[in-house]
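> Supplied in structure tokens, the structure appears directly below.
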Amino acid sequence: KYTTANYDVNFSATGNDFYEIKYEGSIPTAGLAVAFPLSDMFVIGAQAGFLYVMPDYKWRVASAKWTKLKADNSFGYSVEPMLSIRPFESFVIQCGVRYQIYSVKFTDPSFNITKNDEFLGGTVAAIYMF
Numbered sequence: 061k062y063t064t065a066n067y068d069v070n071f072s073a074t075g076n077d078f079y080e081i082k083y084e085g086s087i088p089t090a091g092l093a094v095a096f097p098l099s100d101m102f103v104i105g106a107q108a109g110f111l112y113v114m115p116d117y118k119w120r121v122a123s124a125k126w127t128k129l130k131a132d133n134s135f136g137y138s139v140e141p142m143l144s145i146r147p148f149e150s151f152v153i154q155c156g157v158r159y160q161i162y163s164v165k166f167t168d169p170s171f172n173i174t175k176n177d178e179f180l181g182g183t184v185a186a187i188y189m190f
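This is the structure in structure tokens:
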């Protein structure tokens with residue numbers, strides 16, 4: 061997996077500080093999947109995986125220059141139940157819901173925080189088999 065995100069953060073405790081954080085990460089994943097056919101056209105299944113997160117963060121205050129924000133590599137996991145529909149012999153549509161979580165430990169002296177990044181959302185995939 062490759063993920064990217066932009067965060068705009070305004071800390072209300074200080075009132076005036078405005079931070080921007082950019083994130084890019086590579087997330088190799090290993091896991092297992094199971095599938096149970098309901099008919100020739102419908103299959104239900106689930107997959108679960110362990111994540112190894114290699115993050116790359118940059119941050120800046122207001123419009124200042126971007127600076128690398130040090131963060132450790134970490135582990136996490138994901139789970140996804142799904143429904144697959146095969147309308148044609150060589151074509152499958154998968155719909156599911158994925159939950160993913162991993163720990164982020166910033167080791168930068170100016171930003172020493174540990175937190176969890178979570179994702180919960182729908183997934184859709186179209187698969188054509190040759």
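Per the numbering used here, the very first residue in the sequence shown carries number 61; after that it's consecutive.
Using N, Cα and C, we set each Cβ at its ideal position, and we do this for glycine too.
Predicted, not measured: the structure shown is a model, and the values here were computed from it.
1) DSSP puts LEU143 in a beta bridge; with which residues?
2) Measure the C-alpha to C-alpha separation of LYS118 and GLY109 and round it to an integer number of angstroms.
3) Whole-angstrom Cβ separation of VAL164 and ASP177, contact assumed at under 8 Å?
4) When we look at the beta-carbon of PHE166 and count the other beta-carbons within 10 Å, is it buried (16 or more) or exposed?
5) Give the straight-line distance between the Cα atoms of GLN154 and ALA93, rounded to the nearest whole angstrom.
6) How big is the Cα-Cα spacing for SER150 and ASP100?
7) Return the residue from the list ILE104, PRO97, VAL113, PHE102 that minimises the CA-CA distance to TYR83.
8) Given ALA185, which residues of its chain have a CB within under 6 Å of its CB, disregarding the five upstream and five downstream residues?
9) Between which two residues does the beta strand (DSSP E) carrying LYS128 extend?
10) Out of LEU111, PHE102, LEU98, state which residue places its alpha-carbon closest to the alpha-carbon of ALA90.
11) According to DSSP, simplified to helix, strand and coil, what is PRO97?
The short version:
1) Position 83 of the sequence shown, counting from 1, holds the residue named residue 143. LEU143 is bridged to ILE104, CYS155.
2) As a position in the sequence shown, residue 118 is number 58, starting the count at 1. As a position in the sequence shown, residue 109 is number 49, starting the count at 1. Going from the Cα of LYS118 to the Cα of GLY109 covers about 27 Å.
3) As a first step, residue 164 is located in the sequence shown; it is residue number 104 there, counting from the start. As a first step, residue 177 is located in the sequence shown; it is residue number 117 there, counting from the start. VAL164 to ASP177, Cβ: 5 Å. Contact.
4) Position 106 of the sequence shown, counted from the first residue, corresponds to residue 166. Classification of PHE166: buried, given that the 10 Å Cβ count is 16 or more.
5) Taking the first residue of the sequence shown as position 1, residue 154 is located at position 94. Taking the first residue of the sequence shown as position 1, residue 93 is located at position 33. Their Cα atoms are separated by approximately 13 Å.
6) For this step, residue 150 is matched to residue 90 along the sequence shown. For this step, residue 100 is matched to residue 40 along the sequence shown. Answer to the nearest angstrom: the Cα atoms are 12 Å apart.
7) As a working mapping, residue 83 is identified with position 23 in the sequence shown. The shortest C-alpha separation from TYR83 is found at VAL113.
8) The count along the sequence shown starts at 1 and reaches residue 185 at position 125. Same-chain partners within the cutoff: GLN154.
9) Walking along the sequence shown from the start, residue 128 turns up at place 68. Unbroken beta strand (DSSP E) run through LYS128: 127-129.
10) Taking the first residue of the sequence shown as 1, we reach residue 90 at position 30. The option with the nearest alpha carbon to ALA90 is LEU111.
11) Translated into positions along the sequence shown, residue 97 becomes position 37. Residue state, collapsed to three classes: strand.
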